[in-house]
Structures are given as structure tokens and as C-alpha cells.
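Going by numbering that gives the first Met the number 0, the first residue of the sequence shown is number 0, and it counts up by one from there.
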Amino acid sequence: MPSPTRVEARRRALISFARFRWRPIVEEVQRAGEGRIFQPEAAPTVPVALVLGAPVRDLKPTAILEDRISTAAALWASRKVKQLLLSGTAAEVAAMSTLCAELEVPGSAQLLDPRGNHTYESLFNAHAAGHRELLVVSQRFHLPRALYIAAKLGL
């Protein structure tokens, strides 16, 4: 069995390798958001806003999900988008749709994707449904990764 110092040295080497190996990817993800993240009032006009799901508690949206839906509803109300594509788990999509209705976004302006269990799936499903130009609605910390995936999918 290797000595504790040898094990520790290997662990440090692996961590250093992982940091070195992943750094270019992390930088590429961060660059994906540069110049492509907008406040709602400065967002371009496009046909659809993809609203990414977030956890629900007792079938009620969390603060993060409420923020995403209120932002998306504001985009719809200001005519920046014609439709909201609500994507997440079935429970997330149900909570998002209910909140949209409370914010006076009609059902005809809501597209539902209850198969978007992860960011990649939501973006993949949007692409598969033929959406090529859309706004992604999420929090600032999440957008660079979402935009990186969107770019890789051709959105």
C-alpha cells in the first residue's frame, strides 16, 4: 500500500491535471456568454423565449423559478417574444404554466416541454422542435453554460 505522502502527492497531481485540462473548457464556456447576455429591456426581438426549469417545492415555484417566469412574462408583455417555451420536468412546467397564467400570459403563448430534465435536454428539445432563434431565460450564473450548449447545438 502506498504511503500517505505518496497518495497525497498523486491526489495533488490529479487535481493539478484536472485544473489544467478543464481550464480551456471553462474559459470557452465563459466566453460563450460574452455579448450575448442582456437585461430584459435590452433583449433583441425574437419569436421564442426558452425558459429553463428550476426546482419546485410542494408544486410551487422556488424564488429562482419565479424570477425566470416573471422575466419571461415581461419579455412577452413587451412584445420581445411571441411565445414562451417552458421547459423542465413535468412538475416544473406545470408550476411555470400556472405562474404564467397568473401573470396574464395566455395559454396560446405558452409552449410546454415537460421533457427538459436538464439544460442540455431543454436546448436539444428546442432545437429538435425547429427553434433556431430564441432567448434563453435563466439566472446570470447559469447563462454562460446554457449559451455554450446552445451554440454547440446550432441555436
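We treat Cβ as the ideally placed atom computed from N, Cα and C, and that holds for glycine.
**Item:** Close-in-space but distant-in-sequence residues of the same chain around T70 (CB under 7 Å, 5 per side omitted)
**Value:** P39, V136
**Item:** Inter-residue spacing [alpha-carbon to alpha-carbon] between R131 and A42
**Value:** Rounded to the nearest angstrom, the two C-alpha atoms are 16 Å apart.
**Message:** Restricting to Cα atoms, I'd like to know which of F140, E120, Q138, D66 is closest to K160.
**Reply:** Residue numbering for the chain in the displayed model covers 0 to 154; residue 160 lies beyond these limits and cannot be assessed.
**Prompt:** beta strand (DSSP E) containing D112: first to last residue?
**Reply:** 109–112
**Prompt:** Is the beta carbon of A90 sitting closer than 8 Å to the one on V45?
**Reply:** no
**Message:** I need the straight-line Cα distance from E177 to D112, nearest angstrom please.
**Reply:** The structure shown does not extend to residue 177, since the chain is modelled only from 0 through 154, so no value can be given for it.
**Asked** Once you ignore the five residues that flank L64 on each side, which residues in its own chain have a CB closer than 6 Å to its CB?
**Response** A53
**Asked** Which residues bound the beta strand (DSSP E) around L133?
**Response** Unbroken beta strand (DSSP E) run through L133: 133–136.
**Request:** Pick out whichever of L51, T61, E26 has its Cα sitting closest to the Cα of N116.
**Result:** L51
**Message:** Any heavy atom of the ligand NAD inside 7 Å of the beta-carbon of L98?
**Reply:** In the structure on display, the ligand NAD does not appear, and there are no ligands present to speak of.
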